[in-house]
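> Taking the UniProt record's numbering, the leading residue of the sequence shown gets 1, the next gets one more, and so forth.
Just so it is clear, CB atoms sit at the ideal spot from N, CA and C, and this is done for glycine as well.
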Amino acid sequence: MSHPACMIAAMAATNRLDRYPVDDHGNLEHYPSRVPVWGRLRPEQDQAWSEGNEPFAATLTLVTGPRGRTTPYFVWRDTAGLTYPMFMTDLVDVLMCKLVDQGTVSGLWQVRKRGQNYGLALAPAEPADKTSAPGMPRRGENGHA
1 MSHPACMIAA MAATNRLDRY PVDDHGNLEH YPSRVPVWGR LRPEQDQAWS EGNEPFAATL
61 TLVTGPRGRT TPYFVWRDTA GLTYPMFMTD LVDVLMCKLV DQGTVSGLWQ VRKRGQNYGL
121 ALAPAEPADK TSAPGMPRRG ENGHA
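What follows is the structure, given as structure tokens:
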């Protein structure tokens, strides 16, 4: 049975976000880099945006954990080299619901927005991993309840 936090994480990740800011290489931006300029807004067409926000499967590796403008976040890199920021609360969901092996995790992901910031999260349909950590017996193995 999956951990209750995983169901909450899936519900929390649900949003109606239909696009998100990307840089010229397709990396998810934690904050739109081209909109605010010296206290005024530039035309939105200067900002590059994704063409949608459909859940996608990817294997991610943790890269770093810089501090943002108001909150710490973490940066993941996929196998194609694209990077994705993740809010601390969403990292907790990943740790509770997925098997992270030496900083690498596979899953179904979707971008979400909190305030003015964007980050990757487990997609609402993503089930929790059923496997335990390497070397750890599962419940019922080796005579353990």
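Go to L108, then tell me how far its beta strand (DSSP E) extends in each direction, as first and last residue.
The residue you call residue 108 lines up with position 108 of the sequence shown. Its beta strand (DSSP E) spans residues 104-114.
> Quick check on the DSSP output: the alpha helix (DSSP H) that includes T83 runs from which residue to which?
On the sequence shown, position 83 is the one that residue 83 refers to. No alpha helix (DSSP H) holds T83; the beta strand (DSSP E) holding it covers 83-87.
> Out of E29, L17, W49, R19, which has the shortest C-alpha to C-alpha gap to R77?
Indexing the sequence shown from 1 puts residue 77 at position 77. The residue with the shortest Cα to Cα distance from R77 is E29.
> For L62 and R112, I'd like the C-alpha separation in whole angstroms.
Here residue 62 refers to the residue found at position 62 of the sequence shown. Here residue 112 refers to the residue found at position 112 of the sequence shown. Computed Cα separation, rounded: 18 Å.
> Can you tell me whether D129 is helix, strand or coil according to DSSP?
Within the sequence shown, the letter at position 129 stands for residue 129. Coil at D129, not helix or strand.
> Identify, in the order they occur along the chain, each residue of the same chain with its Cβ nearer than 7 Å to the Cβ of L91, setting aside the five sequence neighbours on each side.
For this step, residue 91 is matched to residue 91 along the sequence shown. F74.
> Apply the 10 Å Cβ neighbour rule to T64 and answer buried if 16 or more other Cβ atoms are within range, or exposed otherwise.
Locating residue 64 in the sequence shown gives position 64, counting from the first residue. That one is exposed.
> Would you mind reading off the limits of the beta strand (DSSP E) that contains W76?
For the purposes of this step, residue 76 is identified with residue 76 of the sequence shown, where counting begins at 1. That run of the beta strand (DSSP E) goes 73-78.
> Can you list, in chain order, the residues of its chain whose CB lies under 7 Å from that of A13, leaving out five sequence neighbours each side?
The count along the sequence shown starts at 1 and reaches residue 13 at position 13. With a pLDDT of 46 at A13, under the threshold of 50, the modelled position of that residue is not reliable, and no figure is offered here.
> Mapping the DSSP letters down to three states, classify V22 as helix, strand or coil.
Within the sequence shown, numbered from 1, the residue matching residue 22 stands at position 22. V22 falls in the strand class under three-state DSSP.
> With a CB to CB cut of under 8 Å and the five nearest residues on each side skipped, what residues in its chain are close to G52?
In the sequence shown, counting from the first residue as 1, residue 52 sits at position 52. D18, R19, listed in sequence order.
> Since T104 and L60 are thought to touch, with beta carbons under 8 Å apart, how far apart are those beta carbons, to the nearest angstrom?
On the sequence shown, position 104 is the one that residue 104 refers to. On the sequence shown, position 60 is the one that residue 60 refers to. About 7 Å; that satisfies the 8 Å criterion.
> Between L99 and G26, how many whole angstroms is the CB-CB distance? I'm expecting something under 8 Å.
Locating residue 99 in the sequence shown gives position 99, counting from the first residue. Locating residue 26 in the sequence shown gives position 26, counting from the first residue. Their Cβ separation, rounded to whole angstroms, is 27 Å, which puts L99 and G26 out of contact at 8 Å.
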